[in-house]
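Trainee: Heads up: the sequence shown begins at 1067 in my numbering, then just goes up one per residue.
Note that the Cβ used here is the ideal one computed from N, Cα and C, for glycine as well.
Predicted model, so just to flag it, every value in this text is computed and none were measured.
One structure, pasted below without further comment.
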Amino acid sequence: MTQPIPMVEIWRGDLLESQHMGHAVVCDADGQVVESWGDDEKVIYPRSSCKMLQALPLIESGAADAYGLTPEHLALSCASHQGAAIHTDRVQVWLNDLGLSVSDFRCGPQKPSDKDAHEALVRAGKEPCQIHNNCSGKHSGFLTLNKHLGTGSEYGEVDHPVQRAARASFEEMTGETAEFYGIDGCSAPNFSTSVTGLARAMARMAKPSGTGVRAQAATRLVDAMRAHPDLVAGEGRACTELMRAMDGKVAIKTGAEAVFVAILPEQGLGMALKIVDGGTRAAEAAIAALLVKYGVLDANHPMARKRMHGPILNWNGLNTGHIRISPAFI
1067 MTQPIPMVEI WRGDLLESQH MGHAVVCDAD GQVVESWGDD EKVIYPRSSC KMLQALPLIE
1127 SGAADAYGLT PEHLALSCAS HQGAAIHTDR VQVWLNDLGL SVSDFRCGPQ KPSDKDAHEA
1187 LVRAGKEPCQ IHNNCSGKHS GFLTLNKHLG TGSEYGEVDH PVQRAARASF EEMTGETAEF
1247 YGIDGCSAPN FSTSVTGLAR AMARMAKPSG TGVRAQAATR LVDAMRAHPD LVAGEGRACT
1307 ELMRAMDGKV AIKTGAEAVF VAILPEQGLG MALKIVDGGT RAAEAAIAAL LVKYGVLDAN
1367 HPMARKRMHG PILNWNGLNT GHIRISPAFI
């Protein structure tokens, strides 16, 4: 099938009000498709779901060890955090340890999505800065690699050695040559791949081949994400809540425009999905359904039910409808 399939339904009363269509693939570590829905060769931008691939050169180059990076640093390098103190305090220390400042970032300022952090800025009469950007951890990793390489300050440019290294890792892990690239929300290039390529890369993160530098780097990043789900996203976020619900056995990562991936080390599997209309709630529901299907998430866990069957409440707190996984999907 080359068309997207219905994955998530939105019901209001007894009427199916909306449907979210999408594509999804599960791959094994040999790069073979285990199961797919929709068009498994659909070319997409993975957006932030591929941050762990972009972080591979940080370890492989020796930069991570040269600057004493811990699993917390590595988790932040893969994060789309919400700008809470638990994130920004650590990023600030990281910059200080590098002898750099917020002005060295190229990700741009962003209002923190964490309520407490946002209110603290308002009370203090301060504006958000680049450290609040949800990608400041990834950019701290870029800056660390850049300092280790001794290259120019514009590390976000597509032809900069930092981004050339990120692209090489991305293409090697997906097994595909990126036909396109776009500029992400944080101003770094984001390279295209098929949904299968993205799932293949996640499977290779789940069960790296051999014991070389690449395998060690992949394992360290995945272990860091699983150990620190609070740093990967934040309180109330799907990545954090679902990783906790799976007791740290699986690493998952969202990306803008409704991309979601999962890394299952014990099963040696990788998952990737894309909701065509870019609806985040649908991507969260769909990844939860896949994780339930493959036995790593309890369908009755409150965090699973929240995503897959959650009620839709209006401003008056009335239950007006619910989310449901489409029978055409799982």
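Among the candidates A1354, V1091, R1303, whose CA atom is the shortest distance from the CA of S1146?
Mentor: R1303
Trainee: State the beta-bridge partners of R1390 as determined by DSSP.
Mentor: Under DSSP, R1390 shares a beta bridge with E1075.
Trainee: On the DSSP bridge list, what partners appear for K1359?
Mentor: Beta-bridge pairing links K1359 to no other residue.
Trainee: Just list the beta strand (DSSP E) runs in the region 1280-1353, keeping only unbroken ones of 3 residues or longer that don't cross its boundaries, in chain order.
Mentor: List check, beta strand (DSSP E) in window: 1317-1321, 1325-1330, 1335-1341.
Trainee: Mind checking T1320: buried by the 16 CB within 10 Å criterion, or exposed?
Mentor: buried
Trainee: Taking the alpha-carbon of D1313 as reference, which of G1336, D1289, T1240 has the nearest alpha-carbon?
Mentor: Residue D1289 holds the alpha-carbon nearest to the alpha-carbon of D1313 among G1336, D1289, T1240.
Trainee: Just verifying my parser: in three-state terms, what is the DSSP assignment at W1103?
Mentor: strand
Trainee: Skipping 5 residues on each side, what residues in its chain have a beta carbon closer than 7 angstroms to that of K1213?
Mentor: Answer for K1213: L1164, listed in chain order.
Trainee: State the Cα-Cα distance for the pair V1109 and S1235, rounded to the nearest angstrom.
Mentor: 18 angstroms
Trainee: Determine the closest residue to C1195 out of T1154, A1370, R1233, with distance taken between C-alpha atoms.
Mentor: Closest by alpha carbon: T1154.
Trainee: Does DSSP put D1364 in a helix, in a strand, or in coil?
Mentor: Three-state result, D1364: coil.
Trainee: First and last residue of the alpha helix (DSSP H) that includes L1164?
Mentor: Unbroken alpha helix (DSSP H) run through L1164: 1151-1164.
Trainee: I'd like to know whether the C-beta atoms of V1092 and A1281 end up nearer to each other than 8 angstroms.
Mentor: Against a cut-off of 8 angstroms, the Cβ pair of A1281 and V1092 comes out as no contact.
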